[in-house]
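Numbering (the numbering used here), first residue to last: 0 to 576. Here the structure is laid out as structure tokens; the discussion comes afterwards.
Quick look at the structure:
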């Protein structure tokens, strides 16, 4: 798919791929001699600055990651009244929404959304959506909408009617949904944060599909025409329709024909179908075909959006619903189908990004093709080794894991698979959360009016991107909240707006080196800390490593309402089907 997508996301000059720019800058710093000159009073070379920041970050990261972990999860407002539930719900970093002006001193948290890489308009749109999402979440929670006040406000955990984590074994037999057991046990319930995440995710899918196709139709039309022409005439250069300097320079190299990528696609697809059939996945082969076609349909607008803004819109939850309809009541099959759709999307994004990086660096396309094939084979063994290492960690993917391997995304996958795989989308939409299904229609219907409004009032809406705004609302439903985005917004304003608009020469020389140096430092430091101090845990217990978990926010289980006298909450007993 990466080869097929080149005309949409590699060749057009509008496809900037901001996430690739730090890698380019770092490689030039390490490999290309630099002319010594003063820029806004700074004479330090990029190479020296990179090494200084790498060393400083390497040493400093020991403080928030091991010695004084409260600086990483800096929920200082909850320390004032650690038993105050409302304070924890509003300002907390674990179960709250994170309304806190200073949330961390940890670069790994500050840099979570790549604030020195993503264009400021994209960061601002997403952050605005995140703030609005926090307000909506609190409204849902404090009004007890869909019984959310009986659960923590922001968690991906699925609960039963007794307020406990949902025990899926009480609703399945031999891995398949059992209606009789389900009627006796409980329907699943989700927190306000996860409910909002579901609604916003399904709205943004249809909105983005319609909106981006309308906005970027000239690019789509040109790319489709070029792809068809290349299949009809193999001697035709892929760059014939592009006149930008990079494409002109790349014509000197032999291009990788589209049919090479199509052959690999066909072989990989056949292998996927065979694996699903041979191994006990309980997944029908035709379901693989359906999820693949859906992933391909969503892939083009997702990649166009990512290439221009740096925002990656995952189709995870869309794949979960489709899997629920394709294999109703089968949670294992739901996970496999969802994983197939995600892998098509995620790997395509990775390989297309590599091709854009090679395009910027003017590398021979066929050499890049060989490198990507070799890397794909090699990463099979790397992944197997990483899985073996992870499974050896005590309490891996639990909220009490000492090294903070919480696996928030994996918990979210499990919750979605339980709702739409085991229980099924029909019961979830019709009985439990009927509003979610209307979000698809709402998203699709809002796309055209907002497009027309942007065309009519460009002076007011030029920098407003509704897809990014909606994407900001989806940043809840796990242990992520404003804690991870507020410090990044500060950094983005300083570097990507203030310095970029007032000191462009300085920004051009040093910005990407700063983020690369700091990120490299904590990467090396994190590896050393993990292997030396956390893999075989050497506990360091004092106020600075326990205060963030001492109150209600750190416990992560507080609710607004207590359990009713009948012993359960939710829809009346015996009425769910």
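Every residue gets a Cβ at the ideal spot worked out from N, C-alpha and C, and that includes glycine.
From residue 152 to residue 190, what distance separates their C-alpha atoms?
As a first step, residue 152 is located in the chain shown; it is residue number 153 there, counting from the start. As a first step, residue 190 is located in the chain shown; it is residue number 191 there, counting from the start. Looking at the two C-alpha atoms, the distance is approximately 6 Å.
Going straight from the alpha carbon of residue 166 to that of residue 521, what length do you get?
In the chain shown, counting from the first residue as 1, residue 166 sits at position 167. In the chain shown, counting from the first residue as 1, residue 521 sits at position 522. One C-alpha to the other measures close to 38 Å.
For the pair the region 276-295 and the region 341-357, tell me if three or more CB-CB distances fall below 8 Å.
The answer is yes - the region 341-357 touches the region 276-295, with three or more Cβ pairs under 8 Å.
Looking only at its chain, what residues have a beta carbon closer than 8 Å to the beta carbon of residue 577, apart from the 5 residues adjacent to it on each side?
A query on residue 577 cannot be resolved here, the shown segment of the chain reaching from 0 to 576 and no further.
Taking the DSSP output, what are the residues bridged to residue 282?
Translated into the one-based positions of the chain shown, residue 282 becomes position 283. Answer by DSSP bridge pairing: none, since residue 282 is not bridged.
When you compare the region 260-272 with the region 382-390, are there three or more beta-carbon pairs, one atom per stretch, that lie closer than 8 Å?
No contact exists between the region 260-272 and the region 382-390.
If you drop the 5 nearest sequence neighbours on each side, which residues of the same chain put their C-beta closer than 8 Å to that of residue 198?
What you label residue 198 is simply residue 199 of the chain shown in a count that begins at 1. Contacts found: 434, 435, 438.
If you follow the alpha helix (DSSP H) that residue 214 is in, where does it begin and where does it stop?
Taking the first residue of the chain shown as position 1, residue 214 is located at position 215. From DSSP, the alpha helix (DSSP H) with residue 214 extends over 191-214.
Should residue 134 go down as buried or exposed, given a rule of 16 or more other Cβ atoms within 10 Å for buried?
Taking the chain shown and counting its residues from 1, one reaches residue 134 at position 135. By the 10 Å Cβ count, residue 134 comes out exposed.
Whole angstroms are fine: how far does the CA of residue 563 sit from the CA of residue 98?
Sequence index remark: in the chain shown, residue 98 carries index 99 (1-based). Sequence index remark: in the chain shown, residue 563 carries index 564 (1-based). Cα to Cα, residue 98 sits roughly 30 Å from residue 563.
When you compare only the Cα positions, how much space is there between residue 219 and residue 500?
On the chain shown, position 220 is the one that residue 219 refers to. On the chain shown, position 501 is the one that residue 500 refers to. Their backbone Cα atoms lie some 32 Å apart in a straight line.
If you measure between the beta carbons of residue 526 and residue 64, is that distance less than 7 Å?
Within the chain shown, numbered from 1, the residue matching residue 526 stands at position 527. Within the chain shown, numbered from 1, the residue matching residue 64 stands at position 65. The answer is no: Cβ separation not under 7 Å.
Can you give me the C-alpha to C-alpha distance between residue 155 and residue 9, rounded to a whole angstrom?
Here residue 155 is taken as the residue at index 156 of the chain shown, counted from 1. Here residue 9 is taken as the residue at index 10 of the chain shown, counted from 1. Looking at the two C-alpha atoms, the distance is approximately 36 Å.
Going by C-alpha to C-alpha distance, which of 365, 328, 569 sits closest to residue 177?
Translated into the one-based positions of the chain shown, residue 177 becomes position 178. Closest by alpha carbon: 328.
Beta carbon of residue 279, beta carbon of residue 211: below 7 Å?
Within the chain shown, the letter at position 280 stands for residue 279. Within the chain shown, the letter at position 212 stands for residue 211. Against a cut-off of 7 Å, the Cβ pair of residue 211 and residue 279 comes out as no contact.
Does residue 485 come out as helix, strand or coil in the three-state DSSP assignment?
The sequence position of residue 485 within the chain shown is 486, counting from 1. Reduced to three states, the DSSP call for residue 485 is helix.
Count the C-beta pairs between the region 536-556 and the region 71-88 that are closer than 8 Å, then say yes if the count reaches three, no if not.
With a cut-off of 8 Å, the region 71-88 and the region 536-556 count as touching, because enough Cβ pairs lie within range.
Report buried or exposed for residue 412, applying the criterion of at least 16 other Cβ atoms within 10 angstroms of its Cβ.
On the chain shown, position 413 is the one that residue 412 refers to. With 16 or more Cβ atoms within 10 Å of its Cβ, residue 412 is classed as buried.
Are the CB atoms of residue 558 and residue 196 nearer to each other than 7 Å?
Counting from one through the chain shown, the residue named residue 558 turns up at place 559. Counting from one through the chain shown, the residue named residue 196 turns up at place 197. The answer is no: Cβ separation not under 7 Å.
Does the beta-carbon of residue 354 have 16 or more other beta-carbons within 10 angstroms, so that it is buried, or is it exposed?
In the chain shown, residue 354 corresponds to position 355, counting from 1. It counts as buried.
Can you check the region 78-157 for any alpha helix (DSSP H) of at least 4 residues that lies completely inside it and give the ranges in chain order?
Fully enclosed alpha helix (DSSP H) runs of 4 or longer: 84-90, 106-109, 119-141.
Quick one: is the Cβ of residue 151 within less than 6 Å of any heavy atom of the ligand ATP?
By its list of ligands, the structure shown contains no ligand whatsoever, and the ligand ATP lies outside what it can speak to.
Is it buried or exposed, residue 250, if we count other Cβ atoms within 10 angstroms and call 16 or more buried?
Numbered from 1 along the chain shown, position 251 holds the residue referred to as residue 250. Residue 250 is exposed by the Cβ-count criterion.
Rounded to a whole number of angstroms, what is the C-alpha to C-alpha distance between residue 136 and residue 130?
Stepping through the chain shown from its first residue, residue 136 is reached at position 137. Stepping through the chain shown from its first residue, residue 130 is reached at position 131. About 10 Å.
On the DSSP letters alone, give me the boundaries of the alpha helix (DSSP H) that residue 371 sits inside.
Along the chain shown, read from residue 1 onward, the residue named residue 371 stands at position 372. 364-390 is the span of the alpha helix (DSSP H), which, as asked, contains residue 371.
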